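Structure, as structure tokens:
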Amino acid sequence: MSSLPSGGSSDGPDGDTSPPTSLPTHDLIGIGFGPSNLALAIAAVEHNGQANDAERVAVRFFERQPAFGWHRGMLLDDATMQVSFLKDLVTLRNPASSFSFLSYLHDRGRLVDFINHKTLFPLRLDFHAYLEWAAARVADLVDWGHEVTRIEPVMSDDEVVAVDVTARELTPDGTGREVTYRARNVVIGTGLQPRFPQGISGSEHVWHNQQLLHRVEEIDGQAAKRFVVVGAGQSAAEVTAFLHQRFADAEVVSVFSRYGYSPADDSPFANRIFDPNAVDDFFEAPASVKEMLMGYHANTNYSVVDGELIEELYRRQYQEKVVGRERLTMMNVARVEAVREQGGSVAVTVRSLTSDRTFDLDADLAVFATGYDPVDPLPLLGGLGAYCPPDHNGRLKVQRDYRVVTTPGIRCGIYLQGGTEHTHGLSSSLLSTIAVRAGEILASVVSGISTARLPQGGAKAPVAALRHLIS
Ligand code: FDA
Ligand code: NAP
2 MSSLPSGGSS DGPDGDTSPP TSLPTHDLIG IGFGPSNLAL AIAAVEHNGQ ANDAERVAVR
62 FFERQPAFGW HRGMLLDDAT MQVSFLKDLV TLRNPASSFS FLSYLHDRGR LVDFINHKTL
122 FPLRLDFHAY LEWAAARVAD LVDWGHEVTR IEPVMSDDEV VAVDVTAREL TPDGTGREVT
182 YRARNVVIGT GLQPRFPQGI SGSEHVWHNQ QLLHRVEEID GQAAKRFVVV GAGQSAAEVT
242 AFLHQRFADA EVVSVFSRYG YSPADDSPFA NRIFDPNAVD DFFEAPASVK EMLMGYHANT
302 NYSVVDGELI EELYRRQYQE KVVGRERLTM MNVARVEAVR EQGGSVAVTV RSLTSDRTFD
362 LDADLAVFAT GYDPVDPLPL LGGLGAYCPP DHNGRLKVQR DYRVVTTPGI RCGIYLQGGT
422 EHTHGLSSSL LSTIAVRAGE ILASVVSGIS TARLPQGGAK APVAALRHLI S
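The opening residue of the sequence shown carries number 2 in our numbering; numbering runs sequentially from there.
Below is the structure:
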């Protein structure tokens, strides 16, 4: 891997926080090191392995977690992947890569056992271990435990020629140092953040499902009498099943506006909406067709549940009816409107959509499995945001190669991994296309820098030289 000396650093909050005026310039700095930027790091490593000096890229990543972790709060023992393992970090871009899920299984001595299992959908625990295994192999490219706090333009002759990306080291006492790296390109892969219904926020007895396993030990299993789970998506169904099984004496009330949990459409023709080619179709389509496609196929992903889990929850509920001890309740055609902490419990205000009446449910805990939003990149971009004219809905405009559309006067590239559902479609926040997307972003970066880096304005890397990045 092409590497550069470390960036500038400064002391904690009381020290001088301005970066040195001259810093080595990386070709690419990635913000966040979830699966998306991990796939990009691997693409860079594989590219550098076969590129000549002029095309090699110096890349570095910041990740705020102290070590690799993928939605650890929902890493339930029996949860399975919602995507084929063949849509791993690399296979759709480079089926011969040594970073594939199959290579991981081989490394762990489990390949034959997995084949006999006859599934495309491994346990999330297994896939998480795969991601950790892959991340460990490129860990030297990452500053772990570093949260990026700002990105600032580096000016030359009234042009933005690079960006300074500054991160604070997260230490328990808050005195971590700041580190700044300069880069020609920045790739924002900061993922998703929990969404609560309007007017509701997290508290002692009100959690988002993202926190589930981080906080579940706080619950007194002997005393807990009732849990409320809000939502009808995959998260809600998984949390409902988990709490019902773990707290064998407590009631679990699942509140949602549908009549019943609905299965995710993973039939083969509909599943094509997650194909790499579908990104081209979606990108080119007019806004009205984009909206139509999202409407038709939202049920491949949003507010839907894996069929087997639906069957399992139904089986449990029916069994309880037979036995005569009913702990699992579905409060359907209803929405949660408010919550009120009341000492050791929470009052959850539910509106029945059939009667239009509201009533309060007292619970030991309310878990909101009410979805996620992509993290808005604009606060991080700070002053650079002025170079990124928004669309008529206030969202960033993004090119097909995931580069944010910018005004003249800025030469560096700002790329998005995630947060592009409005331009690139449903797979934006999912794993389905991350291998291919990483290759496309890297090809765009390499083609841009080969021009900028050569002294006499060398030619762009010929497309043939980048074939290995674009499947
Ligand atoms: P992701 O959110 O994974 O990573 C972003 C990273 O950026 C995090 O590690 C975060 O700490 C870091 N970060 C954020 N801000 C930062 C900052 N300022 N500085 C430094 N670091 C920062 N999809 C799918 O296709 N199949 C599936 O089976 C599943 N399963 C699944 C389960 C659960 C419980 C959830 C919530 C979601 C899924 N998904 C999914 C969708 C999910 O979005 C997807 O799997 C990946 O997490 C997307 O990877 P990213 O790297 O884009 O984001
Ligand atoms: P989601 O699909 O967006 O579902 C959110 C749910 O919350 C919807 O049913 C929504 O109902 C409901 N809701 C919102 N506000 C409400 C209110 N006030 N009252 C009642 N219900 C309310 O979110 P998700 O289930 O977290 O899934 C998000 C992504 O994560 C998906 O891609 C999913 O596949 C993935 N995921 C994967 C796994 C896994 O791999 N095992 C596990 C969990 C999640 P309305 O639609 O009616 O508003």
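Where a beta carbon is used, it is the ideal one built from N, C-alpha and C, also for glycine. In this text the structure is predicted, and so the values were computed from the model without any measurement.
Worksheet item: Among His423, Gly419 and Gly449, which has the Cα closest to the Cα of Leu432?
Response: For Leu432, the nearest C-alpha among the options comes from Gly419.
Worksheet item: What's the C-alpha gap between Leu106 and Val447?
Response: The straight-line gap from Cα to Cα measures roughly 32 Å.
Fill in: Sequence-distant residues of its chain with Cβ nearer than 7 Å to Pro36 (five each side left out)
Excluding residues within five positions, the ones whose Cβ falls inside 7 Å are Trp71, Leu90, Leu132, Leu432 and Ile435.
Worksheet item: Between the region 91-111 and the region 160-179, do at least 3 Cβ pairs fall closer than 8 Å?
Response: The region 91-111 and the region 160-179 do not touch, with fewer than 3 CB-CB distances between them shorter than 8 Å.
Item to complete: Report the residue from Arg341, Ala335 and Glu313 whose alpha carbon sits nearest the alpha carbon of Leu329.
Response: Distance check between Leu329 and each of Arg341, Ala335 and Glu313 places Glu313 closest, using alpha-carbon atoms only.
Worksheet item: For Leu171, does the three-state DSSP call read helix, strand or coil?
Response: Here Leu171 carries a coil assignment [DSSP, helix/strand/coil].
Discussion item. Please tell me whether Val230 and Leu244 are closer than 8 Å, where the distance is taken between their beta carbons.
Written reply: Against a cut-off of 8 Å, the Cβ pair of Leu244 and Val230 comes out as a contact.
Fill in: Rounded distance between the beta-carbons of Asn186 and Cys413, thought under 8 Å
Between Asn186 and Cys413 the Cβ distance is about 6 Å, and since that is below 8 Å, they are a contact.
Fill in: Asp144 versus Gln246 - alpha carbon distance
Answer to the nearest angstrom: the Cα atoms are 39 Å apart.
Practice prompt. Go ahead and label Leu1 buried or exposed: buried means 16 or more other beta carbons lie within 10 angstroms of its beta carbon, across all protein chains shown.
Written response: With the chain represented from 2 up to 472, any question about residue 1 goes unanswered, as that position is not in the structure.
Worksheet entry | Residues of its chain near Ala137, where Cβ-Cβ distance is below 8 Å and the 5 sequence neighbours each way are ignored | The residues are Phe69.
Worksheet item: With distances taken between CB atoms, is the gap from Val60 to Leu142 smaller than 8 Å?
Response: Closer than 8 Å, so yes.
Worksheet item: Does the beta-carbon distance from Thr359 to Tyr388 come in below 8 Å?
Response: Their beta carbons are not under 8 Å apart, which means Thr359 does not touch Tyr388 by this criterion.
Discussion item. Nearest by alpha-carbon distance to Arg216: which of Leu366, Ala130, Ala237 and Asn117 is it?
Written reply: The residue with the shortest Cα to Cα distance from Arg216 is Leu366.
Worksheet item: Where in the region 164-219 do unbroken runs of the beta strand (DSSP E), each at least 3 residues long, occur, reported from the N-terminal end onward?
Response: Entirely contained in the region 164-219, the beta strand (DSSP E) runs reaching 3 residues are, in chain order, 179-184, 186-189, 193-195 and 207-209.
Item to complete: Determine the closest residue to Tyr303 out of Pro264, Ala339 and Glu148, with distance taken between C-alpha atoms.
Response: Among Pro264, Ala339 and Glu148, the Cα nearest to that of Tyr303 is on Pro264.
Worksheet item: Among Val253, Asp267, Ile43 and Thr301, which residue has its Cα nearest to the Cα of Phe34?
Response: A check of alpha carbon separations from Phe34 across Val253, Asp267, Ile43 and Thr301 identifies Ile43 as the nearest.
Worksheet item: Which of the three DSSP states, helix, strand or coil, is assigned to Met75?
Response: Met75 carries a helical assignment under DSSP once its states are collapsed to helix, strand and coil.
Worksheet item: Can we say the region 290-306 touches the region 254-270, given the rule of at least three CB pairs closer than 8 Å?
Response: The region 290-306 is in contact with the region 254-270.
Worksheet item: Quick one: what's Tyr416 bridged to in DSSP?
Response: Answer by DSSP bridge pairing, in chain order: Val188 and Arg404.
Discussion item. Tell me whether His72, by its Cβ, gets closer than 7 Å to a heavy atom of the ligand FDA.
Written reply: Answer for His72: yes, Cβ within range of the ligand FDA.
Item to complete: May I ask you to check if the CB of Tyr373 is nearer than 7 Å to at least one heavy atom of the ligand NAP?
Response: Correct: Tyr373 has its Cβ closer than 7 Å to the ligand NAP.
Practice prompt. Kindly examine the ligand FDA and report whether one of its heavy atoms sits closer than 7 Å to the Cβ of Phe283.
Written response: Not under cutoff, so the answer is no.
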